[in-house]
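Residue numbers (full-length UniProt numbering): 1 to 73. Using N, Cα and C, we set each Cβ at its ideal position, and we do this for glycine too. Here the structure is a predicted model, which is why all the values come from computation and not from measurement. Let me begin by presenting the structure, written as structure tokens, before commenting on it.
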């Protein structure tokens, strides 16, 4: 058997990773200091107050304003 044949596939791909709920409880928007909503489909943490969506890359929230996507009306 080759290594590929014996390797188990990961339970979740990087695009489907869950963010730890305890982490979500303590994270806040760095701009407004308000709570963030987790968008699992887009892998983003959304700040409605700042109208920004922060990306999650490899399971790590990137809470930098310059990396955030601006939310449209």
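Check this for me: beta carbons of residue i and residue j, under 8 Å apart or not?
i, j, result
"residue 92", "residue 56", "Outside the displayed range of the chain (1 to 73) lies residue 92, so it cannot be described from this structure."
"residue 64", "residue 47", "no"
Which whole-angstrom value is the C-beta distance of residue i and residue j, which I expect to be below 8 Å?
i, j, result
"residue 52", "residue 28", "Not a contact, Cβ separation roughly 12 Å."
"residue 67", "residue 54", "7 Å"
Can you list, in chain order, the residues of its chain with a C-beta nearer than 6 Å to that of residue i? Leave out the 5 residues immediately preceding and following it.
i, result
"residue 59", "17"
"residue 49", "32, 34"
Ignore the nearest five residues each way along the sequence and tell me which others in residue i's own chain have a CB closer than 7 Å to its CB.
i, result
"residue 38", "19, 24, 45"
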